[in-house]
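Residue numbers (this note's numbering): 1 to 250. For each residue, glycine too, the CB sits at the ideal point set by N, CA and C.
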């Protein structure tokens, strides 16, 4: 089922790309992206002004960057991003479909993510960073985080992996659509290098490809939820679980 849903989401995103949708997907504030990141497919939800009623202490100090799944910024990614933005967080969404339409090595992706973090930390005056990845976004996250500069990694208060798989490729292959593409690189060796005290891995208990359970013995925060790769589409509940982990992060 995950195979079918991933391909369906990928196909829907492909239609948007072929239709000529711009690289900058969405910016609710209406302002253009900062020059340092105009080449990246970002979805930006600026935080409310400091002191407003919907800005808690954690939200006022935290930049959230979320890497989407193969369907681009839609469905789970969009719902969770909206929920965190409504909770007062400044959120930058990273459209993985558009980004990985052309292959990007982990070192290149890390350099791009570092640009995003530095740009929006400075722009929004945020002290700490939370990284969230869903599906492909979760799969690439260990590789990307582990290659960030040490100073940037030190700013990351928490990492949330949603629906982590076992293998990943860093670009798309047409044969992947029919299940014949390359298996890719094993994720777990990189995932085990993440800081366990600052990493949560959430997965659907009916997702046959989920690998979060392999991290439990190493002290990671691992939580199995009802449903498969899309968590029974209970996105509001998922967003609340993430928000709780952000609030508790040191």
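Helix, strand or coil for residue 86, going by three-state DSSP, please let me know. helix
Quick check on residue 94: does DSSP put it in helix, strand or coil? strand
Residue from 140, 135, 136 with nearest C-alpha to residue 110: 140
For residue 135, which of 66, 236, 222 has the nearest alpha-carbon? 66
Nearest CA to the CA of residue 79: which residue from 189, 234, 163? 234
Residue 29 classed as buried or exposed, judged by whether at least 16 other C-beta atoms fall within 10 angstroms: The pLDDT assigned to residue 29 is 49, lower than 50, so where the model puts this residue is not dependable; a value taken from the coordinates is nonetheless given after this. Result: exposed.
For the structure I just gave you, are there three or more beta carbon pairs, one from the stretch 71 to 86 and one from the stretch 145 to 159, closer than 8 Å? no
Best match in 243, 142, 229, 127 for proximity to residue 76 [C-alpha to C-alpha]: 229
Beta-carbon gap between residue 62 and residue 93 smaller than 9 Å: no
Ordered along the chain, which non-local residues of its own chain (more than five positions away) have a Cβ less than 6 Å from that of residue 231? 204, 225, 238
Beta-carbon proximity check, residue 219 vs residue 197, cutoff 9 Å: yes
Using three-state DSSP, classify residue 57 as helix, strand or coil. helix
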